[in-house]
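Just so it is clear: in the sequence shown, position 83 is 83 by my numbering, and no numbers are missing.
Just so you know, even glycine gets a beta-carbon here, dropped at the ideal spot from N, CA and C.
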Amino acid sequence: MELWDVYDHCFQKTGRLHERGNPLLPGEYHLVVAVYPVNSQGQVLIQKRNPDLKLLPGIWAATGGSAIHGEDAWAACQRELKEELGICATKENSEMVAAFKRIDSYNTLWIIHTDIKVEELILQKEEVSDAKWVSVAELREMAHSGTFHYYRYLDWLMDYISNMRCP
1 MELWDVYDHC
11 FQKTGRLHER
21 GNPLLPGEYH
31 LVVAVYPVNS
41 QGQVLIQKRN
51 PDLKLLPGIW
61 AATGGSAIHG
71 EDAWAACQRE
81 LKEELGICAT
91 KENSEMVAAF
101 KRIDSYNTLW
111 IIHTDIKVEE
121 LILQKEEVSD
131 AKWVSVAELR
141 EMAHSGTFHY
151 YRYLDWLMDY
161 ISNMRCP
């Protein structure tokens, strides 16, 4: 059983816990992280979800998930990245680039600067079946063609990543 901390409309913990799989009440939120490894060539590391998963089976998507009870966004970022891809997020290679509220969650977006090779990854087979580096243009095309899950923030994030490389 996975438990989440419940947040209010001001992104404050309420002190209540929520069991994953049950709907949140109106006005309740949980914390979610999306992590995007980016290499020195400006490519983004994406992962293909295991075909046996209930949510988005077999589709390319971002690394991430829900924070569990007691975690803040940084701890959830570190855990999800390590669990799913075997990559260590440190304060030196990481940055939170956005936070926003959705219907029942607060989402934080993270960029992890790394030049890890795909063959060095340790994939969490229960959740991840493959991973690859793609250019920003390739990722945009994959998202618009439906082979990568289209997140509402994706175009903004791809612009952000593209501009990171500018002097």
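The beta strand (DSSP E) with residue i in it runs from where to where?
i: E36; result: For the record, residue 36 in the displayed sequence is Tyr; it is not Glu. Start and end: 30-38.
i: N93; result: Per DSSP, N93 belongs to no beta strand (DSSP E) and is neither H nor E.
i: T63; result: 63-66
i: T14; result: 13-19
i: D5; result: 3-7
Kindly indicate the opening and closing residues of the alpha helix (DSSP H) around residue i.
i: V136; result: 136-145
Using a threshold of 8 Å, state whether the C-beta atoms of residue i and residue j are closer than that.
i: W4; j: I68; result: yes
i: V35; j: G64; result: yes
i: E84; j: Q43; result: no
i: V38; j: A76; result: no
i: L81; j: A89; result: yes
i: R170; j: A61; result: In the structure as shown, the chain starts at 1 and stops at 167, and residue 170 therefore has no counterpart that could be examined.
i: K101; j: Y29; result: yes
For residue i, does the three-state DSSP call read helix, strand or coil?
i: A73; result: helix
i: Q179; result: Since the first residue of the chain shown is 1 and the last is 167, residue 179 is not available in this structure.
i: P167; result: In this prediction, P167 scores a pLDDT of 41, lower than 50, which makes its location untrustworthy; no coordinate-derived value is stated.
i: D52; result: coil
i: I161; result: helix
i: K125; result: coil
i: C104; result: First, the residue type needs correcting, since residue 104 is Asp and not Cys in the sequence shown. Coil, per DSSP.
i: R79; result: helix
Identify which residue in the options has its Cα closest to the Cα of residue i.
i: K132; options: Q41, L45, R20; result: L45
i: L56; options: V118, F148, T108, H144; result: F148
i: E127; options: E119, G86, S40; result: G86
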